[in-house]
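Peer 1: Residue numbers for the sequence shown follow this note's numbering, beginning at -4 and rising by one.
This is the structure, below, for whatever I ask next.
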Amino acid sequence: MSKKYIGVFDSGLGGLTTVKEIIRQLPDENIVFLGDTLHMPYGNKTTEEIISYSLENVEVLKQYDLKAIVIACNTSDANAREVLKKYNEDIPIFGVINAAALQADELSVNHRIGIIATKSTVDSGKYVEALHSLNKKNRVYPIACPKLVPMIEKGMFLSDPKQMKETLAEYLEPLKEKDIDTLILGCTHYDILWNLSKEIMPGLMIVSSSRCVVAELKRYLKENDLLSKNKKAQRIYMVTSDPEDFEKTAALLIDDIEIKRIA
Ligand code: DGL
């Protein structure tokens, strides 16, 4: 029986939306998750800082026997994917950006695609690059939303949904005149805002970067005969700062979650 784990990391809560999807699609897999809450938010950090945190995150995950790594963070995927692959050639690494771009390209009929993401992800131009390489006709409208991640981490989607919705609506406002038919939630934290995004912009097709990557991971595990046959999957959750507040919000996403602090 395989003891191997799928390693997943993010700056915080966003990564758990990917873990939730892995549990849904691949319930037998062992998962080890690291939320680098000490350095959250990543979205306003320099490329050098994001690379350094991402490398450290993977080192922590590698204490476990990994069969795959999921970069459940668009900001890290945008800035650090190549470096992570270079230093970890022996482990397959899956990123969220290409998977989300692929789904948006498949869904969009008018080739007008909006993206909300962190400042760093938007500045990297990685989504625009991916969507243009899929189809030159794609018109891409990225919006940086620096206020959203700290609000989500504070649990404001529950404690103050009115304020959360107003802030999201402000960011989405410029997209209303762009005639987009598809919106990418290009930050894994924003998966939590799926319903609010639908309410603010009804009729749009919504693509969550958190979820698309899991189909790719599943395909890889299947094709390489690496699917787990565990009867009881192990799940390990770690963060780099005080877990108390994080655990309360995380419990809204994952049942029976227990989080330990490392570092
Ligand atoms: N959830 C992350 C992302 O997908 C990081 C957000 C942040 O820490 O700013 O970009």
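Just so you know, even glycine gets a beta-carbon here, dropped at the ideal spot from N, CA and C.
These numbers were taken from a predicted model, which means no experiment stands behind them.
Determine the direct distance from the alpha carbon of residue 146 to that of residue 215, and round the result to whole angstroms.
Peer 2: Residue 215 and residue 146: Cα-Cα distance of roughly 35 angstroms.
Peer 1: Beta strand (DSSP E) containing residue 66: first to last residue?
Peer 2: Per DSSP, residue 66 belongs to the beta strand (DSSP E) from 61 to 66.
Peer 1: Taking 7 angstroms as the cut-off, is the C-beta of residue 137 nearer than that to any heavy atom in the ligand DGL?
Peer 2: The answer is no for residue 137.
Peer 1: Closer than 6 angstroms from C-beta to any heavy atom of the ligand DGL: which residues, in chain order?
Peer 2: Ordered along the chain, the selected set is 5, 6, 9, 35, 36, 37, 38, 68, 69, 70, 113, 116, 144, 182, 183 and 184.
Peer 1: For residue 233, which of 20, 26, -1 and 15 has the nearest alpha-carbon?
Peer 2: Residue 233 has its Cα closest to that of 26, out of 20, 26, -1 and 15.
Peer 1: So what does DSSP say about residue 179, is it helix, strand or coil?
Peer 2: Strand at residue 179.
Peer 1: What did DSSP end up calling residue 25 once you bin it into helix, strand or coil?
Peer 2: Residue 25: strand per DSSP, three-state reduction.
Peer 1: Classify residue 82 as buried or exposed, calling it buried when 16 or more other Cβ atoms lie within 10 Å of its own Cβ.
Peer 2: So residue 82 counts as exposed.
Peer 1: How many angstroms separate the CA atom of residue 12 from the CA atom of residue 131?
Peer 2: Answer to the nearest angstrom: the Cα atoms are 31 angstroms apart.
Peer 1: Examine chain B for any beta-carbon lying closer than 8 angstroms to the beta-carbon of residue 37, and answer yes or no.
Peer 2: Among the chains in the structure shown there is no chain B, since it carries only a single protein chain.
Peer 1: Closest to residue 47 by CA distance: which of 78, 199 and 69 is it?
Peer 2: Here the closest residue by C-alpha is 78.
Peer 1: Counting only runs that start and end within the stretch 200 to 226, where is the alpha helix (DSSP H) found for 4 or more residues in a row?
Peer 2: List check, alpha helix (DSSP H) in window: 204 to 218.
Peer 1: Relative to the C-alpha of residue 98, which residue among 15, 118, 133 and 75 is closest?
Peer 2: Cα-wise, what sits closest to residue 98 is 133.
Peer 1: Can you tell me which of 237, 50 and 188 puts its alpha carbon nearest to the alpha carbon of residue 157?
Peer 2: Of 237, 50 and 188, the residue nearest in Cα terms is 188.
Peer 1: Under the rule that 16 or more other beta-carbon atoms within 10 Å means buried, what is residue 260, buried or exposed?
Peer 2: What is shown of the chain runs -4 to 258, which leaves residue 260 out entirely.
Peer 1: Over what stretch of residues does the alpha helix (DSSP H) that includes residue 259 continue unbroken?
Peer 2: This structure cannot settle anything about residue 259, because the visible part of the chain is limited to -4 through 258.
Peer 1: Near residue 19, which residues of its chain fall below 6 angstroms by C-beta distance, leaving aside the five closest residues on each side in sequence?
Peer 2: Counting only Cβ-Cβ distances below 6 angstroms, and skipping sequence neighbours, we find nothing.
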